[in-house]
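Protein sequences, first through last, are from chains D and V.
Quick note: the first sequence, position 151, residue 151 per UniProt numbering, numbers continuous.
Quick note: the second sequence, position 46, residue 46 per UniProt numbering, numbers continuous.
Where a beta carbon is used, it is the ideal one built from N, C-alpha and C, also for glycine.
Protein chains: 2
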Amino acid sequence: MSGEYACDLAAVQAAANRLHGVVHRTPVMHSRSFDQRAGRRVLFKCENLQKVGAFKFRGASNAVRLLPEAAARRGVVTHSSGNHAQALALAARQRGIPAYIVMPHTAPLVKRQAVADYGGQITLCEPTLAAREEAAARIAASTGAVLIPPFDHPDVIAGQGTVALEFLEQAPELEALVIPIGGGGLIAGCTIAAQGVRPSMRIFGAEPAGADDAARSKAAGQWLPQLQPQSIADGLLTSTGQLTWPVIRDRVERVFTVGDDEIRAAMRFLWERLKLIVEPSGAVPAAVVLSEAFRALPGLSTVGVVLSGGNVTLDRLYW
Amino acid sequence: MSGEYACDLAAVQAAANRLHGVVHRTPVMHSRSFDQRAGRRVLFKCENLQKVGAFKFRGASNAVRLLPEAAARRGVVTHSSGNHAQALALAARQRGIPAYIVMPHTAPLVKRQAVADYGGQITLCEPTLAAREEAAARIAASTGAVLIPPFDHPDVIAGQGTVALEFLEQAPELEALVIPIGGGGLIAGCTIAAQGVRPSMRIFGAEPAGADDAARSKAAGQWLPQLQPQSIADGLLTSTGQLTWPVIRDRVERVFTVGDDEIRAAMRFLWERLKLIVEPSGAVPAAVVLSEAFRALPGLSTVGVVLSGGNVTLDRLYW
């Protein structure tokens with residue numbers, strides 16, 4: 001696939017070497033009771049146990065470590081209220097450079113606190129995309145910091161792809177991967193990595209029904225934006241990007257959608273039976289695997305699910 | 001220590017061989033933010049990720065597998081509403097023999113369902129110890145089933161000790177273990193195993209303030225029963241036993257107690273930061289390690305905590 005997409009297998013393999021000892025090699029788990037409900041063997045790659053509680057630390061670390069020294073010294077900037085913000089803050093701190101994080105003033109205190117704990121310098125702004133982009137651009141201009149976007153960046157995508165490289169090493173029997181789609185960085189990187197290693201690997205996307213831009217885009221045969229998304233899976237509300245969409249378009253076999261009730265039920269099952277805290281977005285592929293549509297797929301005796309993150313507020317339950 | 005106590009290192013090592021491939025080799029986890037609060041490096045042995053969600057599966061499996069064929073065929077019986085009931089039911093099913101489980105009719109439906117899911121045959125009784133013992137004795141008499149108690153049994157203790165054998169293999173740098181005390185099966189087995197392998201290993205007990213029989217017994221220099229226990233840590237309300245108390249008396253350096261608020265806070269920290277569902281009883285040693293009294297202990301740069309189980313009802317939060 002070299003040349004066609006934002007990155008290739010070699011870039012993911014280089015990222016894996018670069019991130020060795022930097023990111024956790026997260027465990028793969030299994031639950032017989034989940035298998036019974038899914039009608040096949042399902043293995044879980046626990047990126048909720050990754051540093052900062054999400055796979056995002058892989059992509060952010062890869063991007064930060066690839067910056068030339070002169071550029072890195074001026075720092076990095078992003079606008080995010082989610083896991084990418086924490087991931088970039090920690091990755092920057094590990095390199096000893098500043099991280100400027102633009103967050104809407106509506107972001108929960110717990111998320112601001114987490115970014116601050118990792119040493120990120122927070123700038124609050126109005127909760128609109130325009131205000132966030134403007135604030136980030138202003139910081140980049142005044143400090144010289146490099147913008148590291150949450151998904152549409154070759155080094156970020158290559159970093160996320162290391163999830164699939166590890167997963168296939170840990171479980172060579174996998175026949176397919178089911179991966180959540182927000183901006184698409186995780187699925188793009190994992191597809192490039194997994195099909196690079198094994199061209200026959202089947203890749204399925206997982207989206208909330210209330211933020212199904214990738215599913216609709218696949219159906220239409222062209223990129224469509226996500227307008228007015230609405231789902232409990234707050235990490236998956238974004239549209240796919242210029243770099244991620246082509247991989248989804250060409251290499252992802254099908255995108256399945258699930259409703260919020262299915263997401264909640266899958267999430268609860270993961271908490272209760274696997275004893276793992278998984279955030280709503282991270283439970284979406286598990287919900288897909290339990291759905292009738294997915295269960296009806298023939299073949300596929302062993303399927304891998306990426307539990308992408310575990311950052312939740314524990315002030316309340318989700319069901 | 002051979003001969004002095006209910007079992008010895010050789011029995012634990014034999015149990016480990018017997019249970020290889022039967023029980024999960026549970027992962028060891030670590031959290032920098034927990035270390036910061038504890039003032040030292042803390043490693044967590046995740047028995048909440050064990051089959052049936054608790055270490056109890058080790059002891060039950062060892063006892064069931066050690067039964068001679070003729071005795072085994074008649075089945076096993078116990079009275080428990082907790083993790084031992086589920087553990088024994090699954091261990092019996094794996095050997096293809098019946099498990100008769102006496103439970104008080106007040107046991108939550110979810111616990112009855114779990115035992116039934118593992119194939120246990122449930123007999124309900126009045127919620128008193130006398131009624132439970134009477135029902136179990138009656139079943140033993142009528143079926144010939146062997147009583148496998150939850151902790152005061154050499155093979156059960158030896159099975160629980162495999163937790164410490166594994167933990168030391170996974171983390172040879174450990175200087176001490178902090179282990180919850182209910183009936184004392186886990187701490188007795190782990191002490192025999194850990195000090196058998198390394199005589200200098202320091203062992204600390206962890207109890208809820210509302211069920212502090214082991215701490216009081218240590219202070220009095222003689223076995224004292226637990227009367228009217230009261231704690232959120234419902235797995236630790238029992239008195240220690242005839243076989244477990246001598247090990248605690250002689251080999252456990254000190255028993256620390258923590259209040260329910262401390263247990264809740266530790267539990268929440270484990271859920272939020274380690275992304276692990278741990279039950280109140282399982283969070284007690286983590287709460288101890290965070291307590292002022294434990295933090296004040298000199299030395300001890302690396303301490304191991306056993307997260308003993310993760311079986312909770314998720315209808316509500318605990319804080």
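Rounded to a whole number of angstroms, what is the C-alpha to C-alpha distance between residue i and residue j?
i: D:V303; j: V:V258; result: 43 Å
i: D:P225; j: D:D250; result: 18 Å
i: V:R218; j: D:D315; result: One detail in the question is off: residue 218 of chain V reads as Lys in this sequence, not Arg. Rounded to whole angstroms, V:K218 to D:D315 spans 38 Å at the Cα level.
i: V:A158; j: V:K51; result: 17 Å
i: D:V289; j: V:E175; result: 43 Å
i: V:R65; j: V:R18; result: 8 Å
i: D:A63; j: D:V146; result: 10 Å
i: V:G309; j: V:F167; result: 15 Å
i: D:A72; j: D:M103; result: 21 Å
i: V:A214; j: V:E253; result: 12 Å
i: V:T162; j: D:E262; result: 39 Å
i: D:N83; j: D:K56; result: 6 Å
i: D:G119; j: D:H79; result: 15 Å
i: V:R138; j: V:L186; result: 28 Å
i: V:G282; j: V:Q113; result: 22 Å
i: D:I148; j: D:M201; result: 30 Å
i: V:H30; j: V:Q160; result: 22 Å
i: D:W245; j: D:G221; result: 11 Å
i: D:F256; j: D:F204; result: 7 Å
i: D:M1; j: V:W271; result: Because the pLDDT at D:M1 is just 45, under 50, the model does not fix this residue reliably, and the point stays unresolved.
i: V:T128; j: V:D234; result: 16 Å
i: V:N311; j: D:R273; result: 8 Å
i: D:I248; j: V:A14; result: 52 Å
i: V:V42; j: V:L49; result: 18 Å
Consider the Cβ of residue i: report whether some Cβ of chain V lies at a distance smaller than 9 Å.
i: D:L49; result: yes
i: D:V278; result: yes
i: D:T33; result: The identity of residue 33 of chain D in the sequence shown is Ser, whereas the question assumes Thr. Yes, D:S33 lies at the interface with chain V (some Cβ there is under 9 Å from its Cβ).
i: D:M1; result: Because D:M1 carries a pLDDT of 45, less than 50, the predicted location of this residue cannot be relied on, and no value is offered for it.
Tell me whether residue i is buried or exposed, calling it buried when 16 or more other Cβ atoms sit within 10 Å of its Cβ.
i: V:G96; result: exposed
i: V:E279; result: buried
i: D:D152; result: buried
i: D:L237; result: buried
i: V:A99; result: buried
i: D:L109; result: exposed
i: V:W319; result: exposed
i: V:P208; result: buried
i: D:R132; result: buried
i: V:L227; result: exposed
i: D:A293; result: exposed
i: V:E47; result: buried
i: V:L243; result: buried
i: D:Q86; result: buried
i: D:P150; result: buried
i: V:S301; result: exposed
i: V:S33; result: exposed
i: V:A60; result: buried
i: V:S142; result: exposed
i: V:A89; result: buried
For chain D, check one thing: does any of its Cβ atoms lie closer than 9 Å to the Cβ of residue i?
i: V:E169; result: no
i: V:E166; result: no
i: V:R316; result: yes
i: V:L274; result: yes
i: V:M29; result: yes
i: V:D117; result: yes
i: V:W319; result: yes
i: V:A14; result: no
Whose Cβ in chain V lies nearer than 9 Å to the Cβ of residue i?
i: D:R268; result: L314
Starting from the beta carbon of residue i, find every residue of chain V whose beta carbon is closer than 8 Å, and list them in chain order.
i: D:G310; result: K275
Run through chain V and tell me which residues come within less than 7 Å of residue i, C-beta to C-beta.
i: D:G53; result: K275
At 8 Å on the CB atoms, spell out the chain D contacts of residue i, in chain order.
i: V:W271; result: I277, L314
Tell me, to the nearest whole angstrom, how far the beta carbon of residue i is from that of residue j; I am working on the premise that it is less than 8 Å.
i: V:A140; j: V:I181; result: About 28 Å; that fails the 8 Å criterion.
i: D:V23; j: D:R58; result: 5 Å
i: V:A211; j: V:A164; result: No, V:A211 and V:A164 are not in contact; Cβ-Cβ is about 23 Å, not under 8 Å.
i: D:F6; j: D:P154; result: One point to set straight first is that residue 6 of chain D is Ala, not Phe, in the sequence displayed. The pair is a contact, with the Cβ atoms about 4 Å apart (cut-off 8 Å).
i: V:K45; j: D:I277; result: That pair is no contact at about 18 Å.
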